[in-house]
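Notes to accompany the following structure.
Residue numbers (the UniProt record's numbering): 1 to 196.
The structure is reproduced here in structure tokens:
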């Protein structure tokens, strides 16, 4: 990861995590934390490249509009013999170009605003930490928690479900595979969520 090879780091860490699960070893949250960090850095790097491409594209399109205005005015001046109608036509071309540039800049601003307004749906958030579920487990009462959050609660606060107050022990927690699948799909579709 230190070399900036985030894809390779993610592959190796994914294999390590799968091995950890198969061998039933527990290295705490270290491997998954490093895996999230690799994915986060990869996304950050890609996002930075996308933003730079959008800025270049916006600048290029604005220059094209300016060049188009200049060309239209040059053609108009060559084909026209002057007069007041020429000034009106030039003003019309400039007004139309300004309108096009404003629409273009608004479009890029909307894309940027959508990028800023990213939110994780409530049903994908843990009931204790209110963060994206990483390792969802379900209790006998049917409530889904993140494994680390509920284990910490059971260890520090007491052996009961924090929402229903029903007695609960760690061995009653069942992996919520359906929710894990939904979270993984959400993360694939919304790479920014790895950062959350």
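Cβ coordinates follow ideal geometry from the N, Cα and C atoms, glycine included.
Is residue 120 near residue 132, with beta carbons less than 8 Å apart? yes
Which residues share a DSSP beta bridge with residue 122? Answer is none; residue 122 lacks a bridge partner.
Whole angstroms are fine: how far does the CA of residue 60 sit from the CA of residue 94? 18 Å
Of the listed residues 158, 38, 7, 172, nearest to residue 144 (C-alpha basis): 172
In whole angstroms, give me the CA-to-CA distance for residue 80 and residue 62. Each residue's Cα considered, the two are about 27 Å apart.
At which residues does the beta strand (DSSP E) containing residue 152 begin and terminate? Premise fails: residue 152 lies in the alpha helix (DSSP H), 147-156, not in any beta strand (DSSP E).
Helix, strand or coil, according to DSSP, for residue 69 in the structure here? helix
Could you tell me whether the region 30-48 touches the region 65-77, using the rule of 3 or more Cβ pairs below 8 Å? no
When the distance is taken between beta carbons, is residue 124 closer than 8 Å to residue 183? yes
Using a Cβ-Cβ cutoff of less than 6 Å, which residues in the same chain neighbour residue 147 once the five nearest sequence positions on both sides are dropped? 135, 137
For residue 161, count neighbouring C-beta atoms within 10 Å of its own C-beta (all shown protein chains included) and say buried if the count is 16 or more, exposed if not. So residue 161 counts as buried.
The beta strand (DSSP E) that contains residue 137, what's its start and end? 136-138
First and last residue of the alpha helix (DSSP H) that includes residue 182? 177-189
Report buried or exposed for residue 48, applying the criterion of at least 16 other Cβ atoms within 10 angstroms of its Cβ. exposed
Nearest to residue 193 by CA position, among 5, 6, 41, 53, is which residue? 41
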